[in-house]
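> I have a structure here, written as structure tokens, and I will follow up with some questions on it.
Protein chains: 2
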Amino acid sequence: MARQSDHHAVLRERLIDAAERTIAANGLAGLRARDLAREAGCAVGTIYNVFEHLDELILCVGSRTLAMLDAALEAGRLGRPYGSTEDAADDLVRLALAYLEFAARHTVRWRALFEHRMSEERQLPQWFVDQQHQLFAQVERPLVTLLPDLDPDARRILARTLFSAVHGIVALGLEEKLVSLLLPDLRSQLAATVRAIASGRHQLRHQIASSLRSSQ
Amino acid sequence: MARQSDHHAVLRERLIDAAERTIAANGLAGLRARDLAREAGCAVGTIYNVFEHLDELILCVGSRTLAMLDAALEAGRLGRPYGSTEDAADDLVRLALAYLEFAARHTVRWRALFEHRMSEERQLPQWFVDQQHQLFAQVERPLVTLLPDLDPDARRILARTLFSAVHGIVALGLEEKLVSLLLPDLRSQLAATVRAIASGRHQLRHQIASSLRSSQ
Numbered sequence: 000m001a002r003q004s005d006h007h008a009v010l011r012e013r014l015i016d017a018a019e020r021t022i023a024a025n026g027l028a029g030l031r032a033r034d035l036a037r038e039a040g041c042a043v044g045t046i047y048n049v050f051e052h053l054d055e056l057i058l059c060v061g062s063r064t065l066a067m068l069d070a071a072l073e074a075g076r077l078g079r080p081y082g083s084t085e086d087a088a089d090d091l092v093r094l095a096l097a098y099l100e101f102a103a104r105h106t107v108r109w110r111a112l113f114e115h116r117m118s119e120e121r122q123l124p125q126w127f128v129d130q131q132h133q134l135f136a137q138v139e140r141p142l143v144t145l146l147p148d149l150d151p152d153a154r155r156i157l158a159r160t161l162f163s164a165v166h167g168i169v170a171l172g173l174e175e176k177l178v179s180l181l182l183p184d185l186r187s188q189l190a191a192t193v194r195a196i197a198s199g200r201h202q203l204r205h206q207i208a209s210s211l212r213s214s215q
Numbered sequence: 000m001a002r003q004s005d006h007h008a009v010l011r012e013r014l015i016d017a018a019e020r021t022i023a024a025n026g027l028a029g030l031r032a033r034d035l036a037r038e039a040g041c042a043v044g045t046i047y048n049v050f051e052h053l054d055e056l057i058l059c060v061g062s063r064t065l066a067m068l069d070a071a072l073e074a075g076r077l078g079r080p081y082g083s084t085e086d087a088a089d090d091l092v093r094l095a096l097a098y099l100e101f102a103a104r105h106t107v108r109w110r111a112l113f114e115h116r117m118s119e120e121r122q123l124p125q126w127f128v129d130q131q132h133q134l135f136a137q138v139e140r141p142l143v144t145l146l147p148d149l150d151p152d153a154r155r156i157l158a159r160t161l162f163s164a165v166h167g168i169v170a171l172g173l174e175e176k177l178v179s180l181l182l183p184d185l186r187s188q189l190a191a192t193v194r195a196i197a198s199g200r201h202q203l204r205h206q207i208a209s210s211l212r213s214s215q
């Protein structure tokens, strides 16, 4: 039994490695169970013994991408608590710029993270959702200092909104389709927008409070 | 000759209609030249007499989507010049909310607009780029009042950046994947963020000016 479960774990890693190489090089479009099986040295059917479905395998690669992203965002973090709202605003800008660098450097696998849709109306598994939460927690940290009276739920939602805004600027900016910018210009546009949001935080706070009042 | 060119124009319209129905219902994934030809009552080869390539046909549908979006953004426009920066900020928020409503209502064809990539490294044709410019001009209008001393090139770039930020909030918000929000909450998050950017506009102006200085 022990040896079989070892074998299972080894195969699992080998299949994730193979899928990761394919996704990092060509995105989701080139992913075929047949090719993965060949690369991992197993039968196609074996994939479905080791993973519930191909979506699970893709999420395992997505999880590695999220971990890389999490580490990249964490890397430039201030080694001490924020001394002021200015510090916190700087850190929000730093996070946005780190996100841009990550996306510019790992464009194909980063796009795959957002392009992947679960088949057959399957829900995202909880472990994957938890890993996303961990990522957003990095954005929540400066918000605690910038908007100290915001309750935790509203802060969680706001962190996602700011992430989405940054993601939009990065995604369309790197696309060079609607918004064609060189990387240095993209950096300064991104920094300026995030800085403006941080400086307009009282307005943000006021708006969120009044929308909560009106929905109660 | 006249009759042949009439026939050409009729076929062109019929093929765009067929592609529009398919894209509006199922997005780009379901688009097959064979099906379009059958629906338009012509041979598959005829598509390539009438259009340079399938990309051109897809862009013609994209152009209709852009025109619908342009009209939707224009619809709620203030019938008079802005009386104050407050007016202009309100209009920026209105544009963002109109964008959200459009995307929520026409999700499939709206997504197709962003998912489409030209094949074989083809450039986007100028007529399509011009139509995008027209759309961004709606975002530039309030910026003239909000940041009157920004030069036109910087304003054009900033309009695209703000569009991208709004797009990111809308796209990830409607996805219900990373950011799961109900539509009313998404509305208030979007409005709050845009309002914060408008209220932080001096910071934005300052950042853009200093990044221009450092790149000279």
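The listed protein sequences derive, respectively, from chains W and Z.
Counting along the first sequence from 1, when you hit position 80 you're at 79 in numbering that gives the first Met the number 0, and nothing is skipped either side.
Counting along the second sequence from 1, when you hit position 51 you're at 50 in numbering that gives the first Met the number 0, and nothing is skipped either side.
Beta carbons are placed, not taken as given, at the ideal position from N, Cα and C, and that holds for glycine.
From a predicted model like this one, the values you see are computed outputs, not experimental measurements.
Which chain Z residues sit within Cβ distance under 7 Å of H166 of chain W?
In chain order: G167 and L171.
> Grouping DSSP H, G and I as helix and E and B as strand, with all else coil, what is D86 of chain Z?
D86 of chain Z falls in the helix class under three-state DSSP.
> State the start and end residues of the unbroken alpha helix (DSSP H) segment that holds Q130 of chain Z.
Taken as a continuous stretch (DSSP letters only), the alpha helix (DSSP H) holding Q130 of chain Z covers Q125 to L145.
> What do you reckon, are the CB atoms on R204 of chain W and L149 of chain W nearer than 8 Å?
Cβ atoms of R204 of chain W and L149 of chain W: closer than 8 Å.
> Looking only at its chain, what residues have a beta carbon closer than 8 Å to the beta carbon of P80 of chain Z, apart from the 5 residues adjacent to it on each side?
Excluding residues within five positions, none has a Cβ falling inside 8 Å.
> Assuming contact is defined by CB atoms lying nearer than 8 Å, are A197 of chain Z and L72 of chain Z in contact in what I supplied?
In this structure, L72 of chain Z does not lie closer than 8 Å to A197 of chain Z by Cβ.
> Assuming A24 of chain W contacts V107 of chain W under a Cβ cut-off of 8 Å, what Cβ separation, rounded to an integer in Å, is found between them?
Indeed they touch by this definition, with Cβ atoms about 7 Å apart.
> Excluding five sequence neighbours on each side, which residues of the same chain lie with their C-beta closer than 8 Å to the C-beta of E55 of chain W?
So the list reads P124, once near-sequence residues are dropped.
> Give a yes or no on whether the C-beta atoms belonging to L134 of chain W and L68 of chain W are separated by under 8 Å.
Cβ distance < 8 Å, so L134 of chain W and L68 of chain W count as in contact.
> In chain Z, which residues lie with their C-beta within 7 Å of the C-beta of S198 of chain W?
Result: G199 and Q202.
> Output the distance between the C-alpha atoms of F113 of chain Z and S4 of chain W, rounded to the nearest integer angstrom.
Between F113 of chain Z and S4 of chain W, the C-alpha separation is close to 44 Å.
> Report yes if the C-beta distance between L189 of chain Z and L99 of chain Z is below 8 Å; otherwise report no.
For L189 of chain Z and L99 of chain Z, yes; Cβs fall inside 8 Å.
> Can Q206 of chain W and S83 of chain Z be called in contact, C-beta distance under 8 Å?
Going by C-beta atoms, Q206 of chain W is not nearer than 8 Å to S83 of chain Z.
> Mind pulling the chain Z residues with CB within less than 7 Å of Q130 of chain W?
Going along chain Z, no residue has its Cβ under 7 Å from Q130 of chain W, so there is no contact; the nearest lies around 11 Å.
> Would you call S163 of chain W buried or exposed, if buried means 16 or more other Cβ atoms sit within 10 Å of its Cβ?
Under this definition S163 of chain W is a buried residue.
> Would you kindly check if the distance between the Cβ of F127 of chain W and the Cβ of L58 of chain W is under 8 Å?
A contact, by the Cβ cut-off of 8 Å.
> Contact defined as beta carbons within less than 8 Å: I believe W109 of chain Z pairs with T144 of chain Z. What is the distance between those atoms, to the nearest angstrom?
About 28 Å separates the two Cβ atoms, so there is no contact after all.
> Output, in sequence order along the chain, the residues in the segment 181-193 of chain W whose CB is closer than 9 Å to any CB in chain Z.
Listed by position, the residues of the segment 181-193 of chain W near chain Z (Cβ gap below 9 Å) are P183, D184, L185, R186, S187, Q188, L189, A190, A191 and T192.
> Taking only beta-carbon atoms, is A71 of chain Z less than 8 Å away from chain W?
Chain W contact via Cβ: absent.
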